[in-house]
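Report on the following structure.
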Ligand SMILES: [Zn+2]
């Protein structure tokens, strides 16, 4: 009995210590001790920070609220990013940051419209999923997971993995590390110094966040 109580106390202390360590790690800028490589930063730059002059663009708070009551597989679809990012990004399915709707469009499989501020904070994102998923690899489940990737900060399409323009593939290791890195840095973190060479970018970072940027991106048929 006594031993058990001791063990429990030790476990509690260890948990608290871990929590403190995690708290210190989150939002930090340096990548040298976190296992991320220069190519991880370059990938993050290409599909995120290049849209804001080298500063990261993400939801400020996790878990991110999702309102997708009409979608039976929404939890599974969104939580693929939770697994792939090692838990760095998480979702609250009673929330409302990202509403998901069905659409009668036949032009695309899925479509995401999102806004972010010039301080690097995503302020809104809305996902539409076509009822007709003919020609959409992986069907509605994959389309939703793909659009979820956009809605949380993947601002483009890569060659392989879930975020390729046609979808139908699992989240690649690189895409998983992308989300892990993005959500381990504070919104608006300047990652330019982590890149091998300077690259072209768009947008102007502004700490006050006074300007709102908009992106509409679709997964075409
Ligand atoms: Zn897409």
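Residue numbers (the working numbering): 174 to 394.
We put the beta carbon where it would ideally sit given N, CA and C, even for glycine.
Asked                                                                                                                                                                               : Found
Got a sec, what are the start and stop residues for the alpha helix (DSSP H) residue 299 sits in?                                                                                   : Counting along the chain, residue 299 falls outside any alpha helix (DSSP H), though it belongs to the beta strand (DSSP E) covering 295 to 303.
Which class does residue 256 belong to by DSSP, given the choice of helix, strand or coil?                                                                                          : helix
Quick check on the burial criterion: 16 or more other C-beta atoms within 10 angstroms. Buried or exposed for residue 385?                                                          : exposed
Hey, residue 282 and residue 303: beta-carbon distance below 8 Å or not?                                                                                                            : yes
Is the segment 265 to 276 close to the segment 353 to 373, with three or more CB pairs under 8 Å?                                                                                   : no
How far does the beta strand (DSSP E) with residue 240 in it reach, from first residue to last?                                                                                     : 237 to 240
Quick check on residue 392: does DSSP put it in helix, strand or coil?                                                                                                              : strand
Between which two residues does the alpha helix (DSSP H) holding residue 212 run?                                                                                                   : 211 to 220
My assumption, with CB atoms under 8 Å, is that residue 340 sits in contact with residue 392. Please give the rounded CB distance.                                                  : 6 Å
Do you know how far the Cα of residue 273 is from the Cα of residue 239?                                                                                                            : 8 Å
Would DSSP call residue 319 helix, strand or coil?                                                                                                                                  : helix
Just to confirm the assignment, what range does the beta strand (DSSP E) spanning residue 287 have?                                                                                 : 281 to 290
Are three or more beta carbon pairs between the segment 204 to 218 and the segment 344 to 351 nearer than 8 Å?                                                                      : yes
Put residue 205 into one of helix, strand or coil per three-state DSSP.                                                                                                             : Legend: pLDDT at residue 205 = 46, less than 50; position of this residue unreliable, value from coordinates given subsequently. Residue state, collapsed to three classes: coil.
If the criterion is Cβ atoms closer than 8 Å, does the pair residue 355 and residue 225 meet it?                                                                                    : no
Kindly indicate which three-state DSSP category residue 274 falls into: helix, strand or coil?                                                                                      : strand
Residue 245 to residue 320, Cα distance in whole Å?                                                                                                                                 : 16 Å
In its own chain, which residues sit with a C-beta less than 7 Å from the C-beta of residue 311, not counting the 5 before and 5 after it?                                          : 340, 341
By how many angstroms is the C-alpha of residue 250 removed from the C-alpha of residue 202?                                                                                        : Caution applies to residue 202, whose pLDDT of 43 falls short of 50 and renders its modelled position unreliable; the model cannot decide the point.
Which partner residues does residue 385 have in the DSSP bridge list?                                                                                                               : 290
Give me, in chain order, the residues of the same chain whose beta-carbon lies closer than 8 Å to that of residue 314; leave out the 5 immediate sequence neighbours on both sides. : 246, 249, 250
Any heavy atom of ligand 1 closer than 7 Å to the CB of residue 236?                                                                                                                : no
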